[in-house]
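**Student:** Please find one structure pasted underneath; my questions will follow.
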Amino acid sequence: MKLVIAIVRPEKANDVLEALYRAEIRGVSMSRVQGHGGELDRVETYRGTTVKMELSEKVRFEIAVSEPFVQPTIDALCAGARTGEVGDGKIFVVALERAIRIRTGETDALAVTPVSP
Amino acid sequence: MKLVIAIVRPEKANDVLEALYRAEIRGVSMSRVQGHGGELDRVETYRGTTVKMELSEKVRFEIAVSEPFVQPTIDALCAGARTGEVGDGKIFVVALERAIRIRTGETDALAVTPVSP
Amino acid sequence: MKLVIAIVRPEKANDVLEALYRAEIRGVSMSRVQGHGGELDRVETYRGTTVKMELSEKVRFEIAVSEPFVQPTIDALCAGARTGEVGDGKIFVVALERAIRIRTGETDALAVTPVSP
Amino acid sequence: MTVLPLPGGVSAGDTAWMLVATALVLMMTPALGLFYAGLVRSKNTLNTFMMSIAALGVATVTWALVGYSLAFASGDGFIGGLHNALLHGVGFAPRAGTAIPQLLFMAFEATFCIITTALVSGAVVERMRFGPFLMFIALWSVLVYPVLAHWVWGGGWLAHHGTLDFAGGVPVEMGSGFSAFAAATVVGARKDYGRQALLPHNAMYALLGAGLLWFGWFGFNGGSGYSVGHPSVLAFTNTLLAPACTLVVWFALDAVIGRRVTAIGAATAIIVGCVGITPAAGYISPMWAMGLGALAAFPSYAMIRWRPRTRLDESLDVLAAHGFGGLTGILFIGFFAQRSWNGISSGAAYGHPRQLLWQVVAALAGPAYAFAATWILLRLVGLMTRLRASSGDEALGMDVVEHGEEAYTTGEGAILVMPEEHTAGGRRY
Amino acid sequence: MTVLPLPGGVSAGDTAWMLVATALVLMMTPALGLFYAGLVRSKNTLNTFMMSIAALGVATVTWALVGYSLAFASGDGFIGGLHNALLHGVGFAPRAGTAIPQLLFMAFEATFCIITTALVSGAVVERMRFGPFLMFIALWSVLVYPVLAHWVWGGGWLAHHGTLDFAGGVPVEMGSGFSAFAAATVVGARKDYGRQALLPHNAMYALLGAGLLWFGWFGFNGGSGYSVGHPSVLAFTNTLLAPACTLVVWFALDAVIGRRVTAIGAATAIIVGCVGITPAAGYISPMWAMGLGALAAFPSYAMIRWRPRTRLDESLDVLAAHGFGGLTGILFIGFFAQRSWNGISSGAAYGHPRQLLWQVVAALAGPAYAFAATWILLRLVGLMTRLRASSGDEALGMDVVEHGEEAYTTGEGAILVMPEEHTAGGRRY
Amino acid sequence: MTVLPLPGGVSAGDTAWMLVATALVLMMTPALGLFYAGLVRSKNTLNTFMMSIAALGVATVTWALVGYSLAFASGDGFIGGLHNALLHGVGFAPRAGTAIPQLLFMAFEATFCIITTALVSGAVVERMRFGPFLMFIALWSVLVYPVLAHWVWGGGWLAHHGTLDFAGGVPVEMGSGFSAFAAATVVGARKDYGRQALLPHNAMYALLGAGLLWFGWFGFNGGSGYSVGHPSVLAFTNTLLAPACTLVVWFALDAVIGRRVTAIGAATAIIVGCVGITPAAGYISPMWAMGLGALAAFPSYAMIRWRPRTRLDESLDVLAAHGFGGLTGILFIGFFAQRSWNGISSGAAYGHPRQLLWQVVAALAGPAYAFAATWILLRLVGLMTRLRASSGDEALGMDVVEHGEEAYTTGEGAILVMPEEHTAGGRRY
Ligand SMILES: Nc1ncnc2c1ncn2[C@@H]1O[C@H](COP(=O)(O)OP(=O)(O)O)[C@@H](O)[C@H]1O
Ligand SMILES: Nc1ncnc2c1ncn2[C@@H]1O[C@H](COP(=O)(O)OP(=O)(O)O)[C@@H](O)[C@H]1O
Ligand SMILES: Nc1ncnc2c1ncn2[C@@H]1O[C@H](COP(=O)(O)OP(=O)(O)O)[C@@H](O)[C@H]1O
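Each protein sequence line maps, in turn, to chains L, Y, W, R, E and P.
Residue numbering for the first sequence follows the numbering used here, starting at 1 and increasing by one per position.
Residue numbering for the second sequence follows the numbering used here, starting at 118 and increasing by one per position.
Residue numbering for the third sequence follows the numbering used here, starting at 235 and increasing by one per position.
Residue numbering for the fourth sequence follows the numbering used here, starting at 352 and increasing by one per position.
Residue numbering for the fifth sequence follows the numbering used here, starting at 781 and increasing by one per position.
Residue numbering for the sixth sequence follows the numbering used here, starting at 1210 and increasing by one per position.
Here you go:
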């Protein structure tokens, strides 16, 4: 199992969710982050105070998947998030030792495949 | 050492904190996330616009623990977060190579056991 | 490659960013979290309701770096975040199996070094 | 000077002021919605505000249909008649005893019924279902408020015996406070009450709301003289002085007892001060008004600290702020009213103890009726439908459950439903 | 009583009320900015509010320079003359037909031009560039609003034929609504419109904004009689009754059709109700006002549900709320105006069918002119400069792109630019 | 028409308007709290708002006790006497020179003292401890504001020499601006000032706050004629025209110098425009008012851009907006006042250079006294207790440290403290 972490543009979040959905990745957690990378800084002014904004809004996905789903997940993320402009973001893959579904105590592969309603 | 990541219901966050406290896990970081899993989507309407809300509010815990504490942490998380309804969330365990306490530079086991005031 | 995670004081966030910048670590993601550790709880009162606030505001950095950059990153984080008071925070290092730059599909080392504008 | 002819007995100056006063009091209800919404958790923000909006709709309609008539049409000592129902006979001719058109008088009084109805919602936020709430306020605005208003202003038995209530200590303040008490008892506590901390999600709403309420209260008290004459000017000025003193005393109490001066405490103090002076505004001297403002802080402060330790989840402390504040003001009149200032009657301290007697009677009868009537009405509604949301829904939050909306959305994870699916989607839910 | 001598023909009472009414209507524009800002995504919050602020600046200036004169100076049936341009001859002497100084009359009418101009922005939020928007409103506030105002209030052809429009069904409501329609057509839809869900980021702004707008509307309608006489008192009271009924009906429609009573729906209902009664406020009986309030809910509700399924991204539904609401009110007068209440004229239902005729004419001519003129003006501006932001900028958000600010900042990642770099920084950008 | 008899010399129309004006000015203080709270970081939101709330409590009480008397009771050229202390002799009889009850006059002037006191807080937000702040404003509202008010309105030396100040250029605007200057000097800069970017956390508060302040300013300037006569109507209208011009000019300056029209700039422009016209409102023609509005933008704009590059952390630019704006207005009168409009006196441009002289004197004396007196008072308070929070507390934020609250809480991590532990908890802290 792997834990796939992706940082994407907020305006692409819904496209990513859709791509994941189509790839049948059902379980995901998402949060807002701010990121710095190759993007240009923005200059903002508040009364007499001028600032360089080094961070831009991003959305972070965290997805635990069993081996067979790793590549599909990455593909879905790229498909949903790519615009080709600097700032599209990154995907990080980390080894996942254990996964537990709190509701049932099921572990690992079982835990990461949500029940369908 | 392990990094234990847990996604739980927001309304359970305090119960989880309490459970962790009792299990003598003192150091934790927490953040708000939105998650999608087996839960039913909500339908919401804003004027003429009707939407399916695929994400529900969750809280994410991140806890670095030394080996002996891994199981107690998981148990505490389950104890605090379980309701038995779909949507209780997940626990993910990742191997932690190093941990450093910024204040002192202490590393590893030492770093993850907070000083008691 | 490693994924370096750091929890620091919000008021130190900008110092950390500066330190990272000087160490030539260009790519970082950041988010607000709440943490509990050795800090004293705050007591707050809302009308008749008195509460102990067990969590304090922190900022979480997530930085993917190639091996040679691991130590510089850690040093920069410590340099930027340390005050010497309880509550300075932690650094966690996790092994990173793969990194992908969404825009280009580049992987690993390449992926984590942003283009300079 | 020239003034366009107005129908006999109507004063241009009085009318000008009463138009403004009416608008000010109407504005108080959204301000209250803001104040209340700040004191609940974010998942219940809209539902809380909507309870005030609901009062703006429902209570205005019931008032025009029958409420006004039941309160102000001549009737018996208990309740008014129906000859002004459907605004029959309510026109441009001045309301007896005033120099303003009855139509305007009716509108002014309508705003009182609206906000009083909205005030009661503070007791049941975060758990009561919206449907039953609508039924409840429809009944309450017809059977509770107008009765109390009739007693003191519509020629009812208290008015007849000389109870003094300038701007609504009985119908508005004690009326809402003790109705809230009853409502909290019937609806019951929030599921996590007393177990978890249920905190205000936005103290800024509470502060701004309190500021706007104070602003509106100048119309509320200042307009209750229906003119620009002495009583109004006195009431208006006292509405500035009294809450300021309450604020200062509250600061002191907070500093001494709570160790810190709190912002939500300050917002509360403003309300309590305005409430305290409400019944007495046009009857006591400015200096006594300052005294009353200072005094009113104590009972409400004590109640607000004590109540959360009980099982009574009267969530936004309407009883403490309005019930107790109104009570303090009503009784204060009995002691310190001064004919030299109000031209009508004096209190015990100025040689007229009987006044105190009838203030005490009002302070007993008003709360009793409000509590009993509300308790019965809610029980009745409870027989027809479930009053409160399931604990699952309560956990999810009333905004999503009752209104299908969130107060603060980021579009993430929101998938547009197209017309066709739409209805499907709707149905499926 | 004593009243300081006022110049012949000026009434103290009327003046007092009109001062307040003017302030109330001015307050409506920031309230509208709040209302609108709540309905857009957070990255466009400030830009949306700034469009209303811009109207406060630009439209006030154009009004003082020429707008007032074009609307109210005697001219031909289509437009007024220029002899009041630069406020020439606008002083303390009463405006003909009123008992208030012309200076005050001018200020009161200015606030109408301001808010109408601001209303139009609802059609183009989240995508139109700020510069072109400023040009547009400068032209619009001179060439569109004053013309429509002249038609019904400045001695124009509609006034001449007896069209009744108490507080602005033609110039304000239909004027803004159909101009918004045209603006949305010219500027085009937001890039993600119809593809993604574009949700209100803060429903509390919408609720509070609606509450403050209702508050201001008492000055808007109540002041349109320019006095404290019958028409004003009637208009004022109807402004309380009608929106309350709209609210109740909207609740019902939401419950039945949408399955849930929504908060943003309620905020919308308040606006629709106020809009509906605007033209009729001083002409119909309180009971008919309640009827109109109830009736006005239907066309707007239907339009608001239907419009998003079309390609017309008239983003904040100005056409549905103001265009349709105003239309309903204008026509309603034609049926139910009552001379016994307004002292001027009756509608078809009371034996005067001709009235209906001229209401229908107004309901055709007003929208036609507003739509056509706005369409042409925007095309012209479009020839000079790009009307809308690039899709990249639209994605980034108008606040950062157009104003270099964010509505809600945490200082993180904000590096102070020192004077020297500063200009550099600036230049580099 | 009939008007209920009022005591000799009281005008119904004037009283009606002054009741409203007073309520409007009172509303300005919470509006200011909102405006200021939006300009600070979220961790200091409540503390910033509370400084305005504190003024509502403290300054009202000090005003009733002695402030009013020191300002308006006859005394010497420097300060008034004490015979109106404790509101002695302040009743329904008209205040000399007006046709409104003195009680109302006192209330109206009280609201001026309140907001001026609150304005000063802008200089010390985010670092000054709340206790010392309370002591400071108690002293300031007795020893600084009333003195300046006496000079221009209470028969003081400036009034005696004919300085014109319609609504408070000296006591309110320059008084608060230069007091803020002194306060910033004594309290010192925030620990991260000039090192880190300290950004406004909610620009929407600033925009809404500015809108509500403008609304209130109509009562502020429009009420300063104490009547509905010419001066009030003129002042009222100018309060619409001048800020609109400031806004337009500010847009231009922002576009040219800052490259983008900013929202916080717009909010600031509204304030600056209202400030600029304040002293001149009832004395200059509408066209000159537009000129003054345009002109007033420049000095304030320049100061606001320049100040942050200095070490002077006058955090919310009270000096730039109010000090400079008031100064501009006071001097402007000296040139462009017109007897033909104000019936009192003309400025240099209309053949009366002496007027300019006394405007200049006021523009020197007012600031000098405000700065010096404030500097001394704060030093004195500083001798008694620490004025500012420790840098650790400053980092944590004043809301938690001074008030034990957060503006925006999610209940997470909040453990309910039960009565028993409670006091314990409290004690331990
Ligand atoms: N090394 C990194 N570690 C963590 N997050 C990163 C890293 N590099 C980039 N990011 C995140 O990805 C976002 C986009 O990266 P950037 O380099 O700007 O664009 P691109 O990937 O298209 O070159 C950044 O804003 C940041 O949030
Ligand atoms: N594979 C996954 N990766 C990351 N987060 C997940 C994953 N599966 C579920 N989650 C998180 O757990 C939450 C609950 O999971 P869900 O499957 O709905 O309930 P349950 O675990 O009871 O079946 C989701 O909302 C999401 O935040
Ligand atoms: N074991 C842990 N796992 C995750 N986060 C932790 C852990 N220990 C501490 N933290 C984070 O670090 C912050 C500071 O830690 P704390 O122990 O209070 O200070 P110090 O590191 O100076 O002893 C905490 O608020 C929490 O957010």
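Don't be surprised by glycine CBs; every beta carbon is placed ideally from N, CA and C.
Counting only beta-carbon separations shorter than 9 Å, does Ile219/Y have a partner in chain W?
**Tutor:** Yes - at least one Cβ of chain W is within 9 Å of the one on Ile219/Y.
**Student:** Do Val475/R and Val538/R count as a contact pair if the criterion is CB distance below 9 Å?
**Tutor:** yes
**Student:** Counting C-beta neighbours from all protein chains within 10 Å, is the total for His270/W 16 or more, i.e. buried, or is it exposed?
**Tutor:** Classification of His270/W: buried, given that the 10 Å Cβ count is 16 or more.
**Student:** Using a threshold of 8 Å, is the CB atom of Asp132/Y nearer than that to any non-hydrogen atom of ligand 2?
**Tutor:** no
**Student:** Apart from the five residues just before and just after Phe463/R, which ones in its own chain have a Cβ nearer than 7 Å to its Cβ?
**Tutor:** Val376, Gly519, Val523
**Student:** Which ranges does the alpha helix (DSSP H) cover as unbroken runs of at least 4 residues, wholly within the stretch 1250-1326 of chain P, from first to last along the chain?
**Tutor:** 1254-1271, 1277-1281
**Student:** Determine whether the Cβ of Lys169/Y lies closer than 9 Å to any Cβ atom of chain R.
**Tutor:** Chain R contact via Cβ: present.
**Student:** Leaving aside the five residues before and after Phe1541/P along the sequence, list all residues of the same chain whose C-beta is less than 6 Å from its C-beta, in chain order.
**Tutor:** Ala1489, Leu1501, listed in sequence order.
**Student:** Which residue's Cα is closest to the Cα of Gly1105/E: Ala1082/E, Ala844/E, Gly1162/E, Thr1090/E?
**Tutor:** Of the candidates Ala1082/E, Ala844/E, Gly1162/E, Thr1090/E, the one whose C-alpha sits nearest the C-alpha of Gly1105/E is Ala1082/E.
**Student:** Cβ closer than 8 Å: which chain R residues qualify as neighbours of Arg177/Y?
**Tutor:** Simply none; closest approach about 15 Å.
**Student:** Does the beta-carbon of Pro302/W have 16 or more other beta-carbons within 10 angstroms, so that it is buried, or is it exposed?
**Tutor:** exposed
**Student:** Would you say Arg260/W touches ligand 1, meaning its beta carbon is less than 8 Å from a heavy atom?
**Tutor:** The nearest non-hydrogen atom of ligand 1 is less than 8 Å from the C-beta of Arg260/W.
**Student:** Between Ala1616/P and chain Y, is there a C-beta pair that is closer than 9 Å?
**Tutor:** no
**Student:** So, are the CB atoms of Val1028/E and Ala1074/E less than 9 Å apart?
**Tutor:** Against a cut-off of 9 Å, the Cβ pair of Ala1074/E and Val1028/E comes out as a contact.
**Student:** Using C-beta distances below 7 Å, list every residue in its chain close to Ala333/W, excluding the 5 sequence neighbours before and after it, in chain order.
**Tutor:** Met235, Ala298, Thr341, Asp342, Ala345, Val346
**Student:** Using DSSP with H/G/I as helix, E/B as strand and the rest coil, what is His512/R?
**Tutor:** coil
**Student:** Pair every Cβ in the stretch 1167-1187 of chain E with every Cβ in the stretch 961-977 of chain E, then say whether three or more of these pairs are closer than 8 Å.
**Tutor:** A contact exists between the stretch 1167-1187 of chain E and the stretch 961-977 of chain E.
**Student:** Can you name the residues of chain L whose CB is closer than 8 Å to the CB of Gly764/R?
**Tutor:** Contact note: Gly764/R reaches chain L through Ala13, Asn14, Leu17, Met30, using a C-beta cutoff of 8 Å and chain order.
**Student:** Just reading off the alpha helix (DSSP H) that Gly1213/E is part of, what are its end residues?
**Tutor:** The question about residue 1213/E has no answer here: the residues shown for chain E are numbered 781 through 1209.
**Student:** Beta carbon of Gly513/R, beta carbon of Arg690/R: below 9 Å?
**Tutor:** Result no, Cβ atoms of Gly513/R and Arg690/R do not sit closer than 9 Å.
**Student:** Is the shortest distance between the beta-carbon of Gly48/L and the beta-carbons of chain P less than 9 Å?
**Tutor:** yes
**Student:** Over what stretch of residues does the beta strand (DSSP E) that includes Gln268/W continue unbroken?
**Tutor:** 262-270
**Student:** Val160/Y CB to nearest chain W CB: under 9 Å?
**Tutor:** no
**Student:** Run down chain W in chain order and give the residues with a C-beta less than 7 Å from the C-beta of Ala92/L.
**Tutor:** Note that residue 92/L is Phe in the sequence shown, not Ala. Contact annotation for Phe92/L against chain W: Leu237, Ala298, Leu330, Ala333 [CB-CB distance below 7 Å, chain order].
**Student:** Report the three-state DSSP secondary structure of Glu772/R (helix, strand or coil).
**Tutor:** Only weak support exists for where Glu772/R lies, its pLDDT of 46 falling under 50; the value from the coordinates is given anyway. In this structure, Glu772/R counts as helix in the three-state DSSP scheme.
**Student:** Heavy atom of ligand 2 less than 8 Å from the Cβ of Lys169/Y, yes or no?
**Tutor:** no
**Student:** Hey, Leu1291/P and Leu1421/P: beta-carbon distance below 9 Å or not?
**Tutor:** no
**Student:** Between the Cα of Val1353/P and those of Leu1343/P, Ser1388/P, Glu1335/P, spot the shortest distance and give me the residue it belongs to.
**Tutor:** Ser1388/P
**Student:** Is there a C-beta anywhere in chain W that falls below 9 Å from the one on Thr83/L?
**Tutor:** yes
**Student:** Does ligand 2 have a heavy atom nearer than 8 Å to the CB of Lys292/W?
**Tutor:** no
**Student:** Does the distance from the CB of Ser1283/P to the CB of Gly1364/P come in under 9 Å?
**Tutor:** yes
**Student:** Whose C-alpha, out of Gly1002/E, Met984/E, Leu1021/E, is nearest the C-alpha of Val1013/E?
**Tutor:** Gly1002/E
**Student:** For Arg42/L versus Gly1184/E, is the C-beta spacing smaller than 9 Å?
**Tutor:** yes
**Student:** Going by DSSP in three states, Met1607/P sits in which element: helix, strand or coil?
**Tutor:** helix
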